[in-house]
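J.: According to our numbering, the sequence shown is numbered sequentially starting from 144.
Even for Gly, the Cβ is constructed at its ideal location relative to N, Cα and C.
Being a predicted model, the structure only gives us computed values, none of them experimental.
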Amino acid sequence: MKIYLVDGTYELFRSHFGAPPRKAPDGREVGATLGLLRSLLMLLTTPGITHVACAFDHVIESFRNDQYPGYKTGAGVDPNLIAQFPLAEEAVSSLGLVVWSMVEFEADDALSSATARFKNEDGVEQIVICSPDKDLAQLVSGSRIVGWNRRRNILIDEAGVVEKFGVRPQSIPDWLGLVGDAADGFPGIPGWGEKSAAAVLAKYEHLEAIPADPQTWGLSASRAARLAESLAQHRAEALLFRKLATLREDVPLKETLADLKWQGAYTRLKDVCHRLGDEKFPGRVPRWRER
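Set out below in structure tokens:
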């Protein structure tokens with residue numbers, strides 16, 4: 144079997160900007176939630192897809208905000224989108240999917256923890272992480288744990304990570320520590336770009352292994368000297384940013400592998416869709432649970 148782990152936060156954002164706005168009967172904006180439901184139903188009705196779970200950032204802030212004040216918050220996010228998170232989680236759960244709603248941790252940590260838990264289970268052929276977010280590339284391993292950009296229908300295995308970022312998956316947190324991640328609110332180290340970080344980390348893999356003497360880096364002398372000076376001055380920041388980018392594997396997820404098998408929607412989905420103002424969606428659901 145294959146396990147599909149969905150980044151619900153990314154999917155909801157994607158639906159918010161990609162699906163048409165729509166008002167529920169009570170006047171709330173629900174277009175993103177309806178778009179998410181349609182997207183997930185398309186996934187669930189794809190032949191061969193049986194085991195699926197979905198993780199959400201129930202609140203945008205996490206423990207990482209305590210580690211770095213500039214880390215991402217809900218500031219600047221459309222209030223109409225923020226307001227749909229609880230509704231989206233309720234709708235996806237009613238569709239019959241396992242939902243991990245993160246408060247202390249982030250959705251990506253849940254996906255990382257689920258990957259660590261299920262990758263060695265008997266019968267698991269592959270884990271597919273449904274998100275194009277670059278920090279999730281650190282979870283990719285060979286062709287057994289892969290990323291899937293559903294919007295563009297692109298699968299990325301370990302060779303694909305190397306081709307895209309210039310480093311292997313285990314170096315992605317180090318790479319982000321050097322170049323930064325604007326989506327998560329940390330800037331990286333002055334002077335270090337994607338190509339320079341890839342060139343050095345492809346050779347040394349982790350920040351600690353980068354020699355102090357830049358003559359061994361394989362870059363031009365002047366360029367290497369500038370980068371070495373910047374790293375020496377900002378090493379503590381680079382290590383902090385790497386820590387921020389490193390996904391956790393200790394999220395307490397209670398579900399078993401069997402729980403991830405989709406058994407159909409719950410009847411309460413009909414009430415959810417009624418409140419969303421979409422009476423037609425339940426008619427498209429091919430399987431319902433008896434209770």
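(1) Could you check whether the region 307-324 touches the region 381-388, counting it as contact only if at least three pairs of C-beta atoms, one from each stretch, sit closer than 8 Å?
(2) The beta strand (DSSP E) that contains residue 211, what's its start and end?
(3) Apply the 10 Å Cβ neighbour rule to residue 225 and answer buried if 16 or more other Cβ atoms are within range, or exposed otherwise.
(4) Helix, strand or coil for residue 318? Go by DSSP, reduced to three states.
(5) How far does the alpha helix (DSSP H) with residue 332 in it reach, from first residue to last?
(6) According to the Cβ coordinates, are residue 232 and residue 242 closer than 8 Å?
(7) Specify the secondary structure class of residue 225 as computed by DSSP and reduced to three states.
(8) Which runs of the beta strand (DSSP E), 3 residues or longer, sit entirely within the region 230-305?
(9) Mark residue 430 as exposed unless 16 or more other C-beta atoms lie within 10 angstroms of its C-beta, in which case mark it buried.
(10) For residue 199, which of helix, strand or coil comes out of DSSP?
(11) Is the beta carbon of residue 149 sitting closer than 8 Å to the one on residue 201?
(12) Who does residue 172 pair with in a DSSP beta bridge?
(13) Could you name the residues of the same chain whose beta carbon sits closer than 6 Å to that of residue 275, not counting the 5 residues immediately before and after it, in chain order?
(14) Between the C-alpha atoms of residue 310 and residue 277, what's the straight-line distance to the nearest angstrom?
(15) Taking the alpha carbon of residue 379 as the point to measure from, which residue in 172, 350 and 173 has its own alpha carbon closest?
(16) Can you grab the Cα-Cα spacing for the pair residue 409 / residue 337, in whole Å?
(17) Could you tell me which residues DSSP puts in a beta bridge with residue 368?
(18) Report yes if the CB atom of residue 254 is closer than 8 Å to the CB atom of residue 183, and no otherwise.
(19) Would residue 234 and residue 415 be called neighbours here (beta carbons separated by less than 8 Å)?
(20) Please report the straight-line C-alpha distance between residue 375 and residue 343, rounded to a whole angstrom.
T.: Straight from the coordinates:
(1) yes
(2) Taking the first residue of the sequence shown as position 1, residue 211 is located at position 68. That residue, residue 211, is in no beta strand (DSSP E); it is neither H nor E in DSSP.
(3) Your numbering for residue 225 matches position 82 in the sequence shown. Residue 225 should be labelled exposed.
(4) Counting from one through the sequence shown, the residue named residue 318 turns up at place 175. If DSSP states are grouped into helix, strand and coil, residue 318 belongs with the helices.
(5) What you label residue 332 is simply residue 189 of the sequence shown in a count that begins at 1. Here residue 332 belongs to no alpha helix (DSSP H), and DSSP marks it neither H nor E.
(6) Walking along the sequence shown from the start, residue 232 turns up at place 89. Walking along the sequence shown from the start, residue 242 turns up at place 99. Yes; because the gap between Cβ atoms is below 8 Å, this pair is in contact.
(7) Locating residue 225 in the sequence shown gives position 82, counting from the first residue. Reduced to three states, the DSSP call for residue 225 is helix.
(8) 241-245, 269-273, 288-292 and 297-299
(9) To locate residue 430, count along the sequence shown from 1; it is residue 287. Exposed, by the Cβ-count rule.
(10) Your numbering for residue 199 matches position 56 in the sequence shown. Three-state DSSP puts residue 199 in a strand.
(11) In the sequence shown, counting from the first residue as 1, residue 149 sits at position 6. In the sequence shown, counting from the first residue as 1, residue 201 sits at position 58. Going by C-beta atoms, residue 149 is not nearer than 8 Å to residue 201.
(12) Looking up residue 172 in the sequence shown gives position 29. According to DSSP, which records beta bridges pairwise, residue 172 is partnered with 166.
(13) Residue 275 sits at position 132 when you count from the first residue of the sequence shown. Only 292 meet the Cβ criterion.
(14) The sequence position of residue 310 within the sequence shown is 167, counting from 1. The sequence position of residue 277 within the sequence shown is 134, counting from 1. So the two alpha carbons sit approximately 12 Å from each other.
(15) Numbered from its first residue, the sequence shown carries residue 379 at position 236. Closest by alpha carbon: 350.
(16) Locating residue 409 in the sequence shown gives position 266, where the first residue counts as 1. Locating residue 337 in the sequence shown gives position 194, where the first residue counts as 1. Cα to Cα, the separation comes out at about 46 Å.
(17) Residue 368 sits at position 225 when you count from the first residue of the sequence shown. Residue 368 is not bridged to any residue.
(18) Stepping through the sequence shown from its first residue, residue 254 is reached at position 111. Stepping through the sequence shown from its first residue, residue 183 is reached at position 40. Cβ atoms of residue 254 and residue 183: not closer than 8 Å.
(19) As a working mapping, residue 234 is identified with position 91 in the sequence shown. As a working mapping, residue 415 is identified with position 272 in the sequence shown. Yes, the Cβ-Cβ distance between residue 234 and residue 415 is below 8 Å.
(20) Position 232 of the sequence shown, counted from the start, is the residue given in the question as residue 375. Position 200 of the sequence shown, counted from the start, is the residue given in the question as residue 343. Taking the straight line joining both Cα atoms gives about 15 Å.
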